[in-house]
Amino acid sequence: MDALECINSRRSIRKYKNKTIPSGIVRKLIIAGMNAPSAYNSQPWIFILIKNQKTKNIIIEAKGGSQFIMKAPLIIACCYDENKSPDKYHNIENVSLAAENILLAAHVLRLGACYIGAFDPENLKVEKKISEALNLPKNVHLVSLISIGYPDELPKSKKMKKYSEVIRIEHY
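For the sequence shown, numbering that gives the first Met the number 0 assigns the number 0 to the initial residue and increments by one for each residue that follows.
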C-alpha cells in the first residue's frame with residue numbers, strides 16, 4: 000500500500016478480535032510515532048501502553064462511554080513531557096502528529112485503530128482522571144488515546160466534504 004492509499008483508506012475501527020498484538024508490531028507502531036515531525040525537533044512525546052482492564056474501565060468512566068475501549072487489546076496514551084519542551088501548544092500539535100503516524104502505521108500493518116480525544120480544555124476532569132489512573136507526573140500531559148487491535152468489522156464509508164468546500168486560493 001502506498002502512502003496516499005494508506006492516508007485515503009484509513010478509517011476508525013471500534014470492534015476488535017480477541018487477539019493479542021505481538022510486541023514487535025507494537026514496537027513498529029511506537030517507532031512510527033517517534034518519527035513524526037516536532038517543533039524544534041523537541042520530540043516531547045511519551046507513549047503509555049495500556050492493556051489492563053481496570054485501567055480501561057477508568058478511561059471509559061472518565062470519557063463517559065466509549066465502551067469499545069474495553070475490547071481493544073491495546074490502548075496507547077499519547078502524552079507530552081513539558082520538561083522536553085515548555086511550549087504547550089506546539090506539544091499538543093507534536094503529539095497529534097505522532098498519533099496520526101501511529102494510526103497510519105496501524106492501518107498498513109492491517110490493524111484497526113481509533114483516535115480518542117482526551118485533552119479537553121473545557122472539561123479538565125477527563126484528562127485529570129485518566130492522568131491519575133496512568134500515574135502521570137505533573138510534567139507529563141495527556142493529549143489523546145488510540146485503541147488498537149485486529150479489526151472485527153469492515154470500515155464504513157466516510158462521507159467527505161466536496162473539495163470546493165474546503166479549498167481557498169490566496170485568501171478566504
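Where is the CB? At the ideal position from N, CA and C, for every residue including glycine. It should be emphasised that the depicted structure is a prediction, and the values quoted were computed from it without experimental measurement.
When DSSP builds the beta bridges, which residues end up paired with residue 140? On the sequence shown, position 141 is the one that residue 140 refers to. Paired residues: 79.
Grab the span of the alpha helix (DSSP H) containing residue 88 for me, first residue to last. Counting from one through the sequence shown, the residue named residue 88 turns up at place 89. Here the alpha helix (DSSP H) through residue 88 covers 87-107.
Tell me which residues share the same chain as residue 151 and place their Cβ nearer than 6 Å to its Cβ, disregarding the 5 neighbours each side in the sequence. What you label residue 151 is simply residue 152 of the sequence shown in a count that begins at 1. Correct list, in chain order: 14, 15, 16.
In the DSSP assignment, find the unbroken alpha helix (DSSP H) run with residue 2 in it and report its ends. Here residue 2 refers to the residue found at position 3 of the sequence shown. According to the DSSP assignment, residue 2 belongs to the alpha helix (DSSP H) that extends over 2-8.
Need the endpoints of the alpha helix (DSSP H) that residue 162 sits in, please. Taking the first residue of the sequence shown as position 1, residue 162 is located at position 163. In the DSSP assignment, residue 162 falls within the unbroken alpha helix (DSSP H) covering 162-165.
Measure how close the beta-carbons of residue 96 and residue 145 come, nearest whole angstrom, since I'm counting them as under 8 Å. Within the sequence shown, residue 96 is the residue found at index 97, counting from 1. Within the sequence shown, residue 145 is the residue found at index 146, counting from 1. About 13 Å; that fails the 8 Å criterion.
Just the C-alpha distance for residue 128 and residue 0, rounded to the nearest angstrom, thanks. Taking the sequence shown and counting its residues from 1, the one referred to as residue 128 is at position 129. Taking the sequence shown and counting its residues from 1, the one referred to as residue 0 is at position 1. So the two alpha carbons sit approximately 39 Å from each other.
Less than 8 Å between the beta carbons of residue 100 and residue 41, yes or no? Along the sequence shown, read from residue 1 onward, the residue named residue 100 stands at position 101. Along the sequence shown, read from residue 1 onward, the residue named residue 41 stands at position 42. No. Outside cutoff.
Are at least three pairs of beta-carbons, each pair with one atom in the stretch 63-79 and one in the stretch 32-49, less than 8 Å apart? In short, these stretches touch, since the Cβ pair count reaches three.
For residue 63 and residue 166, what's the separation of their Cα atoms in angstroms? Sequence index remark: in the sequence shown, residue 63 carries index 64 (1-based). Sequence index remark: in the sequence shown, residue 166 carries index 167 (1-based). Take the alpha-carbon of residue 63 and the one of residue 166: they are about 35 Å apart.
Measure the C-alpha to C-alpha separation of residue 3 and residue 164 and round it to an integer number of angstroms. The residue given as residue 3 occupies position 4 in the sequence shown. The residue given as residue 164 occupies position 165 in the sequence shown. For residue 3 and residue 164, the distance between alpha carbons rounds to 21 Å.
Report the residue from 126, 59, 6, 98 whose alpha carbon sits nearest the alpha carbon of residue 29. Your numbering for residue 29 matches position 30 in the sequence shown. With distances taken between Cα atoms, residue 29 lies closest to 98.
Given residue 117, which residues of its chain have a CB within under 7 Å of its CB, disregarding the five upstream and five downstream residues? One-based indexing of the sequence shown puts residue 117 at position 118. Within the same chain, residue 117 has close Cβ partners 125, 126, 129, 141, 142, 143, 144.
Would you kindly check if the distance between the Cβ of residue 148 and the Cβ of residue 174 is under 8 Å? Because the chain here runs from 0 to 171, residue 174 falls outside it and cannot be looked at.
Identify the continuous alpha helix (DSSP H) that holds residue 129 and give its terminal residues. Translated into positions along the sequence shown, residue 129 becomes position 130. Its alpha helix (DSSP H) spans residues 123-132.
Less than 8 Å between C-beta atoms, sequence neighbours within five positions excluded: which residues of the same chain meet that for residue 123? As a position in the sequence shown, residue 123 is number 124, starting the count at 1. Contacts found: none.
How many whole angstroms separate the CB atoms of residue 216 and residue 82, which I take to be in contact at a CB cut-off of 8 Å? The shown model of the chain, from 0 to 171, leaves out residue 216, and the question about it has no answer.
Looking only at C-alpha atoms, which of 170, 132, 160, 153 sits nearest to residue 56? The residue labelled residue 56 in the question sits at position 57 within the sequence shown. With distances taken between Cα atoms, residue 56 lies closest to 132.
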